[in-house]
Amino acid sequence: MTQAFYITTPIYYVNAEPHIGHAYTTVIADVLARFHRLMGFQTFFLTGTDEHGDKIVQAASDAGLAPKEYVDRISQIFRDTWPKLNISNDQFIRTTDNAHIRVVQEILKKVHEAGDIYFSTYRGLYCVGCERFYTERELVDGKCPDHDKEPIEREEANYFFRMGKYQQWLIDHIHSHPDFIRPERYRNEVLSFLKEPLEDLCISRPKERLSWGITLPFDDRYVTYVWFDALINYVSALGYPDGPKFSEYWPSVQHLIAKDILKPHAIYWPTMLKSAGIPLYNHLNVHGYWRIDDGKMSKSKGTVVRPLDLVEEFGLDAFRYFMLREMVFGLDANFNMDALVQRINADLANDLGNLFSRTLAMTDKYFGGKVPPFGAPLEDLDQQLMAKVDEARLQLMENVPKLGFHKALMAIWECINAANKYIDQVGPWTLAKDAEKGARLQTVIRILLEVNKAVAVLVAPAMPETALKMLHRLGIPKAIEDLRLDVDGVWGSLQEGVTVSKGDALFPRIDLKAPPKTAKTPALPAQARESADAPLQISIDAFRQIDLRIGLVKHAEAIPKSKKLLKLIVDIGEERQVVAGIAASHTPQDIIGKQVVLLANLQPAKLMGVESHGMVLAVKDGDTLRLLSPEKPVTPGCRVS
RNA sequence: GGCGGUGUAGCUCAGUCGGUCAGAGCAUGCGGCUCAUAUCCGCAGUGUCCGGGGUUCAAGUCCCUGCACCGCCA
């Protein structure tokens with residue numbers, strides 16, 4: 000019977016576009032999946048999106064969309080991104096899928112019936128404007144940071160999961176399964192967290208506060224909140240409880256996450272599984288963060304790195320290779336363009352690309368592009384190189400399952416370097432000049448072809464596109480899913496007489512001087528700038544939902560105690576009261592009688608206690624602020640399109 | 001304030017069980033080769049392994065402590 004392997008990424012929360020962190024997790028999962036397929040495992044690889052909760056409702060409303068419309072859109076961006084990174088997931092789950100919703104309800108019911116869910120009131124500080132509770136710490140001067148109002152004391156009844164009940168059991172489990180959470184640093188972190196008493200977990204929200212969620216099966220006034228919804232995707236995707244995939248894959252499951260969601264995965268999820276009577280996962284694999292130019296990735300600083308931009312500029316496999324080689328799994332790593340370019344040039348272009356190129360060129364030159372036989376018996380040098388190939392394969396097999404991607408790649412590169420050295424030592428060009436060395440030359444070139452072939456297979460999990468390209472040039476038409484490490488990744492699997500083709504460079508060198516060279520995150524200024532705003536492409540329909548009108552400012556006055564705000568009455572066919580943050584640059588006299596552009600269907604809001612029914616559009620250039628207006632006066636109320 | 005992490009060559013970082021651990025790549029300098037993508041190969045270095053103390057026959061490695069930076073939590 001073939002062994003199974005089940006790997007998951009987190010389901011990504013759809014309030015932002017994919018960034019390098021999402022890409023890293025997903026690529027790692029992909030490498031694990033591809034590696035296990037290469038090893039002959041029956042493999043299932045799951046990713047998806049997490050789509051419920053109040054933040055989604057908020058983001059949707061900010062975008063002027065219904066929640067479902069909004070999550071459909073963002074989820075699709077994730078779904079469209081992964082093929083471009085060559086992600087070989089078997090399924091893409093969404094928490095809004097009906098099948099998922101049914102499983103969540105089933106498990107909630109089970110846990111409830113087991114007596115692990117109880118109803119209780121919670122008392123706390125509640126902001127009416129935000130419709131949420133705040134902790135003391137989140138308040139600014141005792142007031143809600145968004146509304147600048149003091150929250151009220153409020154009681155709310157909710158459902159709680161008896162997590163504390165399983166605390167000691169969990170501690171014991173982690174102790175008896177040293178690899179349950181890895182690397183070890185995160186295991187230690189969880190254990191130290193578990194030294195404190197574990198509180199029960201609030202798992203519901205009343206529908207009057209949040210209706211965008213999965214209804215509790217035992218109380219339809221409530222939806223379940225966050226974790227009972229999200230984590231369950233890992234089993235619902237397999238058709239828990241009686242789906243055939245569940246019995247086939249669940250016993251081999253491993254999760255892959257970034258360190259920010261350690262606690263839910265290391266503590267909530269195992270206790271939930273325990274309570275529901277589902278066997279625990281085997282490993283929780285936790286990785287670190289990408290830092291950008293030694294700083295935290297930040298939207299406002301414009302340092303969000305968008306994976307597709309990098310793929311476009313540097314190529315997919317170069318990007319994959321860089322992430323795998325540069326980050327030690329579990330630790331944080333730094334991302335910067337110079338390092339990326341250096342890796343590409345040194346490792347990919349000079350070492351691997353050039354080895355491949357010189358090997359094929361010599362095959363072409365000396366043997367008319369046909370794979371030669373082993374003409375002469377192997378010599379010591381040949382054997383040593385063969386040993387490097389075997390060593391690299393063993394290192395791959397040993398390190399990839401332990402998440403030691405950088406080590407596996409280092410071992411493969413030792414083999415590549417050894418092959419480059421071998422060429423130098425043997426000097427095929429001198430053999431070619433001596434008619435008596437013909438047989439030896441055959442062997443040497445054949446060996447080099449064999450090494451390239453083996454390397455192609457060894458890098459296949461990390462760089463599938465490159466592997467395929469190399470194999471095809473070597474005259475091996477195999478599809479990537481048909482490759483097996485023990486058949487194709489070994490010595491002597493080439494066929495004599497097959498024609499190889501030289502082709503272009505696998506990895507063109509990148510000229511560092513060509514792109515604009517600034518001190519920091521260079522090369523991609525456009526990407527960095529754009530990503531500060533929503534870089535999401537929208538349809539014309541989405542744009543039409545924005546109601547922009549030309550308005551005539553009939554009246555303007557300063558708002559007492561405010562430095563920035565003016566109260567305006569704007570005629571857009573009807574009179575609108577609008578609060579505009581332009582007082583620093585414009586006096587009321589400046590703008591009375593002016594025509595402006597007004598966002599007319601913005602949700603009303605109160606600023607400094609004054610109601611505002613729209614937003615005047617302006618443009619900021621450095622410190623100066625200019626209002627937008629039509630080039631010549633038009634009838635107030637005309638629509639901008 | 002509490003907890004955790006990190007600190008190793010000019011730069012980016014590996015270093016598993018305490019014992020070939022003083023390492024790799026890049027950058028620098030010199031030499032070699034011409035099959036190759038101005039690529040490759042060889043040689044050459046530079047070190048307070050953050051400071052201080054301890055355990056040990058033996059310490060980047062384990063313990064204590066101080067400093068710096070980072071993260072999480074309250």
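For the first sequence, position 255 (counting from the first letter as 1) is numbered 254 according to numbering that gives the first Met the number 0, and the numbering increases by one without interruption.
Just so it is clear, CB atoms sit at the ideal spot from N, CA and C, and this is done for glycine as well.
- Per DSSP, the beta bridge partners of M614 are L598.
- Annotation: R131 to G123 spans about 10 Å, alpha carbon to alpha carbon.
- Bounds of the alpha helix (DSSP H) holding N353 are N353 to F366.
- For T7, the pairing in a beta bridge is given by DSSP as L45 and H254.
- When rounded, the separation of the alpha-carbon atoms in A332 and M322 is 9 Å.
- Rounded to whole angstroms, the separation of the alpha carbons of D485 and K67 is 47 Å.
- Residue pairing by DSSP places P205 opposite Y221 in a beta bridge.
- Two segments are said to touch when three or more pairs of C-beta atoms, one from each, lie closer than 8 Å; by this definition the stretch 37-45 does not touch the stretch 54-69.
- Non-local beta-carbon contacts of F366 in its own chain, meaning distances under 7 Å to residues more than five positions away in sequence, involve I444 in chain order.
- Here P182 has V285, F328, G329 and L402 as same chain residues with Cβ atoms under 8 Å from its own Cβ, once five neighbours each way along the sequence are excluded.
- Within its own chain, the residues whose Cβ lies closer than 7 Å to the Cβ of V388, once the five positions on either side in sequence are excluded, are C414, V450, A453 and W490, listed in chain order.
- As the crow flies, the alpha-carbon of E50 is around 41 Å from that of H471.
- When secondary structure is reduced to three states using DSSP, T498 falls in the strand class.
- 8 Å or more divides the Cβ of D570 from the Cβ of G592.
- Here V615 is buried. Its C-beta has 16 or more other C-beta atoms within 10 Å.
- For D228, the secondary structure class from DSSP, reduced to helix, strand or coil, is helix.
- A straight-line Cα-Cα distance of about 11 Å links V340 and E312.
- Under DSSP, the beta-bridge partners assigned to F132 are Y125.
- With 16 or more other Cβ atoms inside 10 Å of its own Cβ, Q594 counts as buried.
- The DSSP assignment places 41-49 and 90-93 as complete runs of the beta strand (DSSP E) inside the stretch 33-105, in order along the chain (cut-off: 3 residues).
- Within the same chain, V370 come within 7 Å of Q494 by CB-CB distance, once the 5 residues on both sides are set aside.
- Assignment of beta-bridge partners to K369 by DSSP yields T498.
- When C-beta atoms of the stretch 348-364 are compared with those of the stretch 497-513, three or more pairs fall below 8 Å, so the two segments count as touching.
- Looking from the CA of D510, the closest CA among K420, N344, V639 and Y5 belongs to N344.
- Beta-bridge annotation (DSSP): N157 is paired with S119.
- DSSP, read as helix, strand or coil, puts D570 in strand.
- For N284, the uninterrupted beta strand (DSSP E) run begins and ends at H282 to H286, by DSSP.
- Beta-bridge analysis with DSSP links W289 to A332.
- According to DSSP, I213 shares a beta bridge with T223.
- Pairing A229 with T94 gives a Cβ-Cβ distance under 8 Å.
- Collapsing the DSSP output to three states places A265 in a helix.
- The beta-carbon distance between H612 and V577, rounded to whole angstroms, is 6 Å. This is short enough to meet the 8 Å contact definition.
- Assigned with DSSP and collapsed to three states, V310 falls in helix.
- Residue burial is scored here from C-beta neighbours: T634 has fewer than 16 other C-beta atoms within 10 angstroms and is therefore classed as exposed.
- For G368 and A431, the gap between their C-alpha atoms comes out near 15 Å.
- When the alpha-carbon of I92 is set against those of L84, L107 and D71, the nearest one is in D71.
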